[in-house]
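Since the structure comes first, as structure tokens, the remarks are kept for the end.
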Amino acid sequence: MQKTMQNKFTNIIQMCFLLALCLGLLQFSFSSIADTAEENYNKGVTKIDSGDQKGAIKDFDLAIKANSKYADAFYYRGYAKIDLKDYNAAISDLSKAILLDPKNKNAYFERAYAKVELKDFKGALKDLDQAVTVDPGFAKAFRERGYVKRELADYASSIDDYSKAIEIDPNYAKAYYDRAYVKIDKKDYYAAIDDLNKTIKLDPKFHKAYYELGYLKIELKNFKEAIENLTKAIELNPNYPGAYFERAYAKVELKDFDAAISDLDKAVEYDPKYTKAYRERGYAKREKKDYTGAMEDFTLAISVEPGHPKAYYERAYTKVELNDYQGALNDLDKAIKLDPNYKDAYTERAYAKERIGDKKGAELDRKKAESIKI
32 MQKTMQNKFT NIIQMCFLLA LCLGLLQFSF SSIADTAEEN YNKGVTKIDS
82 GDQKGAIKDF DLAIKANSKY ADAFYYRGYA KIDLKDYNAA ISDLSKAILL
132 DPKNKNAYFE RAYAKVELKD FKGALKDLDQ AVTVDPGFAK AFRERGYVKR
182 ELADYASSID DYSKAIEIDP NYAKAYYDRA YVKIDKKDYY AAIDDLNKTI
232 KLDPKFHKAY YELGYLKIEL KNFKEAIENL TKAIELNPNY PGAYFERAYA
282 KVELKDFDAA ISDLDKAVEY DPKYTKAYRE RGYAKREKKD YTGAMEDFTL
332 AISVEPGHPK AYYERAYTKV ELNDYQGALN DLDKAIKLDP NYKDAYTERA
382 YAKERIGDKK GAELDRKKAE SIKI
């Protein structure tokens, strides 16, 4: 009897030992899995910081494999996929991150960003609403929502969001700049200029703000100040074709054609497909009576953008100056085919027809031009 009791006690001791061993192994296994997930997650974050998005994604894959509920790993994997422009896959990962952590404001923000890139502005708006609900002080989300609302043509509400971003962060230069952009859309130029000046005060190297100031000064016919602003934009970013174009436009208005041509040379050097720059250079050359050069530029504009009626019109106008009326008519026919309501083209075609003795055709074109309301 005593021996039997002793055996039972021994068995119990052995069972307890085995149970403790199993629990220890299990705990070690869970700890090992957690360590593996964390280790790969940290590697991924480091690779994102160094710009190795593809390598980061591989590390996040391993982290998620080790821990399928690792919300931050899903978030950062989505973030990396946005950098690689894999927006649909990014949205999938960010949605999983949000499911696991509904209070992750950054996940809503990044998912909204991906949706914006896919032109899903309404979907982006919903995500940004969630982001600012989670964090009412999220200035960046208010700014992004302002952009989304501008794309949806909700200008008043867009300005409200940019203003909210500025209220949260009064030194938010980009929010002032973006608010100015909406005001430009609304033709509220003086209010836009005020915002752009605030942008520059906060960030004196914000070249786009100088560019927009220059553009607005052109709209307000203040060409000398426009040139000053655009010159500053070019100093800050010498490879800015749009700034060269706008400065050239201002110089043309001031009849400084040589300087304008020099700027337009730069514009097409940095952007060889800049149709408007070829057209504007053609116009400047024509004003200098360089008809051959003008023709070459209008032809270049047509070669870059064959479906643009304005270049055909300008080339036709130049051909009229050279008394090539038939050549002008061919171009004007093309311009009108591309834009049946091109009032100036009908007027110019009427003149060309009259010069070759087609008085009936000229009269029909004049009447057509008169019937078109601009």
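For the sequence shown, the numbering used here gives the first residue as 32, with consecutive numbering after it.
Each residue gets a CB set at the ideal place from its N, CA and C atoms; glycine is no exception.
Mind checking Tyr357: buried by the 16 CB within 10 Å criterion, or exposed?
The residue you call residue 357 lines up with position 326 of the sequence shown. Going by the sequence as given, residue 357 is Gln instead of Tyr. Answer is exposed; the Cβ neighbour count stays below 16.
Does the distance from the CB of Ser143 to the CB of Leu131 come in under 9 Å?
Position 112 of the sequence shown, counted from the first residue, corresponds to residue 143. Position 100 of the sequence shown, counted from the first residue, corresponds to residue 131. Before going further, note that residue 143 is Ala rather than Ser in the sequence given. Contact: no.
Nonlocal neighbours in the same chain, by C-beta distance under 6 Å from Leu261, ignoring five residues either side:
Position 230 of the sequence shown, counted from the first residue, corresponds to residue 261. Gly245, Ala274, Glu277 and Arg278, listed in sequence order.
Return yes when the Cβ of Asp396 is within less than 9 Å of the Cβ of Arg380, no when it is not.
Here residue 380 corresponds to residue number 349 of the sequence shown, with the count starting at 1. Here residue 396 corresponds to residue number 365 of the sequence shown, with the count starting at 1. In this structure, Asp396 lies closer than 9 Å to Arg380 by Cβ.
Residues near Val147 by beta carbon distance below 6 Å, same chain, minus five either side:
By 1-based counting over the sequence shown, the position of residue 147 is 116. Counting only Cβ-Cβ distances below 6 Å, and skipping sequence neighbours, we find Ala155.
Could you check where the alpha helix (DSSP H) with Phe288 kicks off and where it finishes?
Your numbering for residue 288 matches position 257 in the sequence shown. Here the alpha helix (DSSP H) through Phe288 covers Phe288 to Tyr301.
Inside the stretch 115 to 161 only - alpha helix (DSSP H) runs reaching at least 4 residues
118 to 131 and 136 to 148
Take the Cβ of Ile405 as the centre, count every other Cβ of all protein chains shown within 10 Å, and call the residue buried at 16 or more, exposed below.
As a working note, residue 405 is residue 374 in the sequence shown. Ile405 is exposed by the Cβ-count criterion.
Taking the C-alpha atoms as reference points, what is the distance between Asp219 and Ala206?
Here residue 219 corresponds to residue number 188 of the sequence shown, with the count starting at 1. Here residue 206 corresponds to residue number 175 of the sequence shown, with the count starting at 1. Rounded to the nearest angstrom, the two C-alpha atoms are 17 Å apart.
Please classify Ser189: is it buried, with 16 or more other beta-carbons within 10 angstroms of its beta-carbon, or exposed?
The residue labelled residue 189 in the question sits at position 158 within the sequence shown. The residue in question, Ser189, is buried, as its Cβ has 16 or more Cβ neighbours within 10 Å.
Which value, in whole angstroms, describes the spacing of the CA atoms of Asp328 and Arg310?
Counting from one through the sequence shown, the residue named residue 328 turns up at place 297. Counting from one through the sequence shown, the residue named residue 310 turns up at place 279. Asp328 and Arg310: Cα-Cα distance of roughly 6 Å.
Span separating the alpha-carbon of Lys136 from that of Gly168
As a working mapping, residue 136 is identified with position 105 in the sequence shown. As a working mapping, residue 168 is identified with position 137 in the sequence shown. Spanning the two alpha carbons is a distance of roughly 11 Å.
What residue range does the alpha helix (DSSP H) around Tyr348 cover?
In the sequence shown, residue 348 corresponds to position 317, counting from 1. Per DSSP, Tyr348 belongs to the alpha helix (DSSP H) from Pro340 to Glu352.
Could you check how far apart the C-beta atoms of Pro340 and Ala376 are, in whole angstroms? I think they sit under 8 Å.
As a first step, residue 340 must be located in the sequence shown, where it is residue number 309. As a first step, residue 376 must be located in the sequence shown, where it is residue number 345. Sure, about 7 Å apart at Cβ, within 8 Å.
Would you say Ala87 and Ala111 are within 9 Å of each other, going by their C-beta atoms?
As a working note, residue 87 is residue 56 in the sequence shown. As a working note, residue 111 is residue 80 in the sequence shown. Their beta carbons are under 9 Å apart, which means Ala87 touches Ala111 by this criterion.
How would you write the range of the alpha helix (DSSP H) that Asp19 sits in, first residue to last?
What is shown of the chain runs 32 to 405, which leaves residue 19 out entirely.
What residues in its chain sit with their C-beta under 7 Å from that of Tyr101, if we drop five residues either side in the sequence?
Here residue 101 corresponds to residue number 70 of the sequence shown, with the count starting at 1. Here the set comprises Ala68, Tyr72, Ala94 and Ile95.
What are the start and end residues of the alpha helix (DSSP H) that includes Pro272?
In the sequence shown, residue 272 corresponds to position 241, counting from 1. Unbroken alpha helix (DSSP H) run through Pro272: Pro272 to Glu284.
Could you give the distance in angstroms between the alpha-carbon of Arg349 and the alpha-carbon of Val299?
Position 318 of the sequence shown holds residue 349. Position 268 of the sequence shown holds residue 299. Contrary to the premise, residue 349 reads as Thr rather than Arg in this sequence. In a straight line, the C-alpha of Thr349 is about 21 Å away from that of Val299.
With DSSP as the reference, label Tyr101 as helix, strand or coil.
In the sequence shown, residue 101 corresponds to position 70, counting from 1. Secondary structure of Tyr101 (DSSP, three-state): coil.
Taking C-alpha atoms, which residue in Ala184, Lys85, Tyr203 and Ala187 lies nearest to Ala172?
The residue labelled residue 172 in the question sits at position 141 within the sequence shown. The candidate whose alpha carbon is nearest that of Ala172 is Tyr203.
Less than 6 Å between C-beta atoms, sequence neighbours within five positions excluded: which residues of the same chain meet that for Ala120?
For the purposes of this step, residue 120 is taken as residue 89 along the sequence shown, with counting starting at 1. Closer than 6 Å at Cβ, skipping near neighbours: Lys112.
When you compare each of Tyr242, Asp234 and Leu233 to Ile215 by their alpha carbons, which one comes out closest?
The residue given as residue 215 occupies position 184 in the sequence shown. Nearest C-alpha to Ile215: Tyr242.
Sub-9 Å separation of Leu183 and Lys157 beta-carbons
Your numbering for residue 183 matches position 152 in the sequence shown. Your numbering for residue 157 matches position 126 in the sequence shown. Here Leu183 is not near Lys157, since their CB atoms are 9 Å or more apart.
What does the alpha-carbon distance come out to for the pair Leu369 and Ile79?
Residue numbering aside, residue 369 sits at position 338 when the sequence shown is read from its first letter. Residue numbering aside, residue 79 sits at position 48 when the sequence shown is read from its first letter. One C-alpha to the other measures close to 49 Å.
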